[in-house]
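Asker: Chains as they are written, first to last, in our numbering: chain E, 1 to 909; chain S, 1001 to 1484.
Note that the Cβ used here is the ideal one computed from N, Cα and C, for glycine as well.
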């Protein structure tokens, strides 16, 4: 019966909608039914595990209702404009209403258009994709019913409204980081990190799982710090190490390995958006010097450069060097300049003329701001490019204030394309030769200038003949060498009417003339003779040292370009000018957001250094939390904040906020040392516990958010490739330098080029081509740069299985590994044990060894030879592999490959 | 293995009727299968492996479509020049746009100068559907086409947001499962020898890729990428020495090692999926090689798809592969042809680009029909936006193009239970904004689900106590009028 009533009302409702009858005419009870429906929905939502709604009498406009209206309504009703004269930024104004009368009747949601216009779907307008959820609707309804309370009297003048409400500032991520007390627990063995985790576990009746086996631990640690499996000797030594501090020693061992910097640099490069090509168009031009930034990161991490310094150098290395930049930078200065490569990682197609447009330049800047904001702030600041951020308290002006910090370096109106903005330095040791050659060039250049002038004169004579009168000829002759702005008005007119009189000064354009008529041929040849002489001398010039740095031009430093807020983010609609500053929500008063830039002594604008100082002052609420969370993510497979790039209201809340803050303060208080932070995590009971699922814990904490066990993870794409090379003894440990080139074969397959010594280097040294990702890496989820990668995908597709089964690379690696194993031992059982130690980091069980032995015995001495390409292998892409596949397989090379295909190899438990 | 050009209607197993009309039960089945019905008393310990598989599953109601081929023409094909005739524009040719405010996307060179289509529209087939001369082959199958001329993206702008919206229901935010993943999750696959969901990006990945991620759905439902030329799937061939028995022996040992390993790691679904993927990969070596082998097609068919002309070959091969995959039970195939973003020189580029897809697209529809597969195969043809009725002129030396238009564009479908020779909704008289019966991307997705016999709101995946769905809580209305 109730249902029938509802259906009737529903149909009536549909009719009313379709005829667009004013809502004021709709019987109250229908609205009531809607409200009931909404409440039912929200109960369902609550049952589905969301946190319960606050009590209606506790709800206030500022805390509960304003964020909802800001997301869905205030863009049109309040922010800059007021559709239908309705402003919803204040409860007072909502009651006052707009053209259609009041929007809000306190105590009476059924009579409040604010409610029924939303429940009927009329508002927000149909084309707005983000709709209020039933829970949000219930909050607004309950709040009105309970009397529509505010936290404080609302100011009379809405223009004096703060852009950010105090309630919005209460979001956890904007709070100063204060070190919380370490929970005191009976069962805690010491590590503060454990105490925090154990507290949450004990609250729900759980505790840590048992410790993982030593075999699991060393494998986990080796991959966690170096991205490579432990060697068999490392495993054996650790298993035999009875020292009480064996674990701590092992952690230090891996932290001091040069492989550590390579592995963690790759994680940093994901967030930085590192690539070796420009991208943005199909040319995907090679970015020659990008690798210097990659090397800088590896060096910095291995040296445990303090993180505050690391950040400062990447934001303002050029400013630390000081302007004017030295002609011959020291090694340290070169490193500082290379560090700023961080600000030049995003796709930048402006090297091609047709892509060098204001809109594309703007995109380069916007992408860089995104990289900066997700790397250092863990925020999606980019949303505020076009309007005030809809979810987070970031006014549009804040976006442009932050952008102004970088504007002098980008200098969009004097934009330099990637090829022309590289810093070029005389290489140490080549100064003398350079000077000599320059001396030699000077007279040759003069000769060329003379030849050019002769040619121009001749062309000009011919153009003169085309003029109508001697008077005109006279005037043209008198004025043609003058710069345009010094010519008389009459002459200007003459030259505009006869533009050919302005014979080009540039050789390229002049030659176009000279090639038109054969009478100019001798002139053209004379120029070419001089050019050849110059080219011959120039070819002896030592190559300059170039660095892809972010720097400010003389002009930009003397008169910094104005940064203007862009209406709707459109470069063609600049509005008011803004000064550089940090996000206002992070500070108590607006004046604190200003950057204190160095005044007279420094020759740069000092803006980026000033920002770096703010970020690393120890008082910034985001930077330390963001990096601590990323390191945690690296070790546990999930951050304390699950959205490492979004600490805002749409991101996940920290599972353990106090732990995050404790680690952050500890990190800052102890010199921002990343290696120390790793130790704080790796020496815990939490990190060392087993990954095995426990029935009772699964029921309470199925997603393991409380860390009642270790998470199991698949090897990253780099680790798959690097580990295959390492296990088979093929990995080339060469560090640094230009990337190993990747090219595209005729059939469109990217491949690594070069001799084994270079193609077998670690993946971090392979060229990253945006438009030619290596299949072996792509299939295992290499980072997708958009413009950077905050969190990697971990896919599981049959093409991965096919790669592990049939790719020539793994076949070759397995064959090489089998040879090693055979050399080392004579007994199959011992070889199997050795193989499992290397690939799985543990001895095989009896059953596993038995299965493998049985396979070996069944295939003993059975050598299978490839029969060439005749039997259906025509489509095999021979050209794409970095080496020939093995021509034959014995039982050991086959077993070796099976071990490398197994989950024991691919997963870290 | 399979006879060539078998005339039999379809090799797909038809879904059993037992699931029909039992949407609630079917849903419960869906949920239970995935171990997500937390309310039920735990009859099995949660550490027991949760099995995700690609076995066929029942829909909520009898389906019309059982497979889908999406020909995604990314970049914004100009509806005004192809499928949506606007004679009114002729009157204003070269004059200032008389309509309401224009929503420009790409401000560079934006003008308000009207540019009518230089291409002739004609009534086609018995239905009289109007299609322009740039698509002569598609015009010849007009009576099979179902156009939605009132598509819009609800204020979303630009390509990535648009392509995401049409595939995942959201234009921004974290990567969500693609339509193909949802269909694979809800319905499984009719083939256990091929992936359920195949994506074929032509030339290059569309910007913002991948559009074939399974997002929060288990990894077994993600799209497998097939290349646009041979070898279409890498590593399908084992070294000849290992072919057959030796490889099988190796895979058997691998499986038993992996199973012993899984016993030490109870409840790890990703490890279980990987075991399943090795088995699928092994079967794919034969099945996928066979499915991708276009030399098995009759010359007549190859000619029909344009395989003999360089300009149509790439797209034609992809269409033919798609037909062969669907014929073999693949649930969802999506071809990505991101080649339609014509800010410049559109009147020259458009007919050229149309020539690369027109003949193969029409051939696919004709071929499916001849094989009796069109009724159960939904073909989608179109992009994430249309283009504006005004000139975009990027300056001297450049020729005019058209800027993006996400407020009104045409989406084309064929088969799968849609009406043939039918056109739904309209843009305004200038072709800028969808005004008559506007269809939002979420409406279209709801309609696709409905054609598959799925209630888009009941197709949910539960994770961490949250019920996650394709539309993510957004409204989506089934466009009933387009359903036959």
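From the DSSP output, in three-state form, read off residue 317 of chain E for me.
Answerer: For this step, residue 317 of chain E is matched to residue 317 along the first chain. Of the three classes helix, strand and coil, the one that applies to residue 317 of chain E here is helix, per DSSP.
Asker: Once you ignore the five residues that flank residue 282 of chain E on each side, which residues in its own chain have a CB closer than 8 Å to its CB?
Answerer: As a working mapping, residue 282 of chain E is identified with position 282 in the first chain. Counting only Cβ-Cβ distances below 8 Å, and skipping sequence neighbours, we find 771.
Asker: Taking 8 Å as the CB-CB cut-off, is residue 1213 of chain S touching chain E?
Answerer: By one-based count along the second chain, residue 1213 of chain S stands at place 213. Yes, because at least one Cβ of chain E sits closer than 8 Å to the Cβ of residue 1213 of chain S.
Asker: Cβ of residue 1268 of chain S less than 8 Å from any chain E Cβ?
Answerer: Within the second chain, residue 1268 of chain S is the residue found at index 268, counting from 1. At least one chain E Cβ lies under 8 Å of residue 1268 of chain S.
Asker: By the criterion of Cβ-Cβ separation under 8 Å, what are the contact partners of residue 889 of chain E in chain S?
Answerer: Here residue 889 of chain E is taken as the residue at index 889 of the first chain, counted from 1. Simply 1239, 1241, 1242 and 1246.
Asker: Which residues in chain E have a C-beta closer than 7 Å to the C-beta of residue 1258 of chain S? List them in chain order.
Answerer: The residue you call residue 1258 of chain S lines up with position 258 of the second chain. Going along chain E in sequence order, the residues near residue 1258 of chain S (Cβ under 7 Å) are 902 and 903.
Asker: Report yes if the CB atom of residue 1054 of chain S is closer than 8 Å to the CB atom of residue 1220 of chain S, and no otherwise.
Answerer: Your numbering for residue 1054 of chain S matches position 54 in the second chain. Your numbering for residue 1220 of chain S matches position 220 in the second chain. Taking 8 Å as the Cβ cut-off, residue 1054 of chain S and residue 1220 of chain S qualify as a contacting pair.
Asker: Quick one: is residue 1286 of chain S buried, meaning 16 or more other Cβ sit within 10 Å of its Cβ, or exposed?
Answerer: Mapped onto the second chain, residue 1286 of chain S falls at position 286. Counting Cβ neighbours within 10 Å, residue 1286 of chain S comes out exposed, since fewer than 16 surround it.
Asker: Check whether the stretch 649-658 of chain E touches the stretch 162-182 of chain E, counting contact only when three or more Cβ pairs, one atom from each stretch, lie closer than 8 Å.
Answerer: Yes, since at least three Cβ pairs between the stretch 649-658 of chain E and the stretch 162-182 of chain E fall closer than 8 Å, the two stretches touch.
Asker: List, in order along the chain, the chain E residues whose C-beta lies closer than 9 Å to that of residue 1274 of chain S?
Answerer: By one-based count along the second chain, residue 1274 of chain S stands at place 274. 714, 796, 800, 801, 903, 906 and 907, listed in chain order.
Asker: Can you tell me which of the three DSSP states residue 1405 of chain S falls into?
Answerer: Here the question's residue 1405 of chain S lines up with position 405 in the second chain. Strand at residue 1405 of chain S.
Asker: Can you give the Cα-Cα distance for residue 1340 of chain S and residue 341 of chain E, rounded to whole angstroms?
Answerer: Looking up residue 1340 of chain S in the second chain gives position 340. Looking up residue 341 of chain E in the first chain gives position 341. The straight-line gap from Cα to Cα measures roughly 34 Å.
Asker: In the DSSP assignment, what residue or residues form a beta bridge with residue 1422 of chain S?
Answerer: Counting from one through the second chain, the residue named residue 1422 of chain S turns up at place 422. Residue 1422 of chain S pairs with S:1146.
Asker: Using 8 Å as the threshold, is the stretch 673-683 of chain E in touch with the stretch 243-251 of chain E, meaning 3 or more CB pairs across them?
Answerer: Touching, per the Cβ criterion.
Asker: What residue from E:156, E:67 and E:125 has the CA that sits closest to residue 93 of chain E's CA?
Answerer: If you number the first chain from 1, residue 93 of chain E lands on position 93. It is E:156.
Asker: Look up residue 682 of chain E in the DSSP assignment and say whether it is helix, strand or coil.
Answerer: Here the question's residue 682 of chain E lines up with position 682 in the first chain. Residue state, collapsed to three classes: helix.
Asker: Using beta carbons (cut-off 8 Å, strictly below), is residue 1479 of chain S in contact with chain E?
Answerer: Taking the first residue of the second chain as position 1, residue 1479 of chain S is located at position 479. Answer no: the Cβ-Cβ gap between residue 1479 of chain S and chain E never drops below 8 Å.
Asker: Less than 8 Å between the beta carbons of residue 511 of chain E and residue 524 of chain E, yes or no?
Answerer: For this step, residue 511 of chain E is matched to residue 511 along the first chain. For this step, residue 524 of chain E is matched to residue 524 along the first chain. Yes. Within cutoff.
Asker: For residue 516 of chain E, is the classification buried or exposed, using 16 other Cβ atoms within 10 angstroms of its Cβ as the cut-off for buried?
Answerer: Numbered from its first residue, the first chain carries residue 516 of chain E at position 516. Flag for residue 516 of chain E reads exposed.
Asker: Rounded to whole angstroms, what is the Cα-Cα separation between residue 1481 of chain S and residue 623 of chain E?
Answerer: By one-based count along the second chain, residue 1481 of chain S stands at place 481. By one-based count along the first chain, residue 623 of chain E stands at place 623. The straight-line gap from Cα to Cα measures roughly 54 Å.
Asker: Roughly how many angstroms separate the alpha carbons of residue 572 of chain E and residue 509 of chain E, rounded to a whole number?
Answerer: Numbered from 1 along the first chain, position 572 holds the residue referred to as residue 572 of chain E. Numbered from 1 along the first chain, position 509 holds the residue referred to as residue 509 of chain E. Using only the alpha carbons, I get a separation of about 32 Å.
Asker: Rounded to whole angstroms, what is the Cα-Cα separation between residue 904 of chain E and residue 1337 of chain S?
Answerer: For the purposes of this step, residue 904 of chain E is taken as the residue at position 904 of the first chain. For the purposes of this step, residue 1337 of chain S is taken as the residue at position 337 of the second chain. Cα to Cα, the separation comes out at about 40 Å.
Asker: How big is the Cα-Cα spacing for residue 141 of chain E and residue 56 of chain E?
Answerer: By one-based count along the first chain, residue 141 of chain E stands at place 141. By one-based count along the first chain, residue 56 of chain E stands at place 56. The straight-line gap from Cα to Cα measures roughly 9 Å.
Asker: Tell me which residues of the stretch 266-288 of chain E have at least one Cβ-Cβ distance to chain S shorter than 7 Å, keeping chain order.
Answerer: Hits within the stretch: zero.
Asker: Taking 8 Å as the CB-CB cut-off, is residue 70 of chain E touching chain S?
Answerer: Counted from its first residue, the first chain places residue 70 of chain E at position 70. Closer than 8 Å: no.
Asker: Using only CA atoms, which one of E:435, E:391, E:99 and E:355 lies nearest to residue 415 of chain E?
Answerer: As a first step, residue 415 of chain E is located in the first chain; it is residue number 415 there, counting from the start. Nearest option by C-alpha distance: E:355.
Asker: Using the C-alpha atoms, what's the distance from residue 367 of chain E back to residue 200 of chain E?
Answerer: The sequence position of residue 200 of chain E within the first chain is 200, counting from 1. The sequence position of residue 367 of chain E within the first chain is 367, counting from 1. Roughly 39 Å separates the two Cα atoms.
Asker: May I ask you to list the residues that DSSP assigns as paired with residue 181 of chain E?
Answerer: Locating residue 181 of chain E in the first chain gives position 181, counting from the first residue. For residue 181 of chain E, which the question treats as bridged, DSSP gives no partner whatsoever.
Asker: Compile a chain-ordered list of the residues in the stretch 807-836 of chain E whose CB is closer than 7 Å to at least one CB of chain S.
Answerer: Flagged, chain order: 807 and 811.
Asker: Does the beta carbon of residue 1280 of chain S sit closer than 8 Å to a beta carbon anywhere in chain E?
Answerer: As a first step, residue 1280 of chain S must be located in the second chain, where it is residue number 280. So yes, residue 1280 of chain S belongs to the interface.
Asker: Compute the Euclidean distance between the alpha carbons of residue 101 of chain E and residue 1404 of chain S, then round it to the nearest angstrom.
Answerer: Taking the first chain and counting its residues from 1, the one referred to as residue 101 of chain E is at position 101. Taking the second chain and counting its residues from 1, the one referred to as residue 1404 of chain S is at position 404. Answer to the nearest angstrom: the Cα atoms are 38 Å apart.
Asker: Taking 8 Å as the cut-off, does the stretch 1135-1147 of chain S touch the stretch 1402-1416 of chain S (at least 3 CB pairs, one atom from each stretch)?
Answerer: Yes, since at least three Cβ pairs between the stretch 1402-1416 of chain S and the stretch 1135-1147 of chain S fall closer than 8 Å, the two stretches touch.
Asker: For residue 1406 of chain S, which option in S:1190, S:1441 and S:1132 has the closest C-alpha, if you only look at C-alpha atoms?
Answerer: Position 406 of the second chain, counted from the first residue, corresponds to residue 1406 of chain S. Ranking the options by Cα distance to residue 1406 of chain S, first place goes to S:1441.
Asker: Going by Cα to Cα distance, which pick from E:851, E:615 and E:908 is closest to residue 910 of chain E?
Answerer: Residue coverage of chain E in this structure runs from 1 to 909, which leaves residue 910 of chain E outside it and unanswerable.
Asker: Let me make sure I understand the geometry here. Which of E:217, E:640 and E:61 has the alpha-carbon closest to that of residue 629 of chain E?
Answerer: Locating residue 629 of chain E in the first chain gives position 629, counting from the first residue. Looking at the Cα atoms, E:640 is the closest of the given residues.
Asker: Could you give the distance in angstroms between the alpha-carbon of residue 1239 of chain S and the alpha-carbon of residue 1246 of chain S?
Answerer: In the second chain, residue 1239 of chain S corresponds to position 239, counting from 1. In the second chain, residue 1246 of chain S corresponds to position 246, counting from 1. Taking the straight line from one Cα to the other gives about 11 Å.
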